[in-house]
Amino acid sequence: MTEMIKGKTIREALWIRPEEISEALDLPETGYGDWFKKTLLEAANNYNVYKAAPWKKLYDHQQG
4 MTEMIKGKTI
14 REALWIRPEE
24 ISEALDLPET
34 GYGDWFKKTL
44 LEAANNYNVY
54 KAAPWKKLYD
64 HQQG
């Protein structure tokens, strides 16, 4: 999955279809591609929320 999205923008990664994920990972046609797609969407959403809150960067930097 990581190799599929490496080098892509978030927008480009979100255009990946579940069927493409299943094919790339050689998964059976049982919905695993959908599960990975939902995981990708959730990760993108979490990233966008983090980017929208600049104070978190400052807090993380001070904690590190």
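Note that our numbering gives residue 17 to position 14 of the sequence shown, counting from 1, and the numbers run on in steps of one. Here a beta-carbon is modelled for each residue, glycine too, at the ideal position from N, C-alpha and C.
Validate contact between the segment 32-39 and the segment 8-15 using beta carbons, cut 8 Å, 3 pairs: no
Only counting the same chain, and skipping five residues up and downstream in sequence, which positions put a Cβ closer than 6 Å to that of isoleucine 8? Ala16
Hey, quick one: how far does the alpha helix (DSSP H) through threonine 42 stretch, first residue to last? 35-54
Grouping DSSP H, G and I as helix and E and B as strand, with all else coil, what is leucine 30? coil
Compute the Euclidean distance between the alpha carbons of lysine 40 and tryptophan 58, then round it to the nearest angstrom. 29 Å
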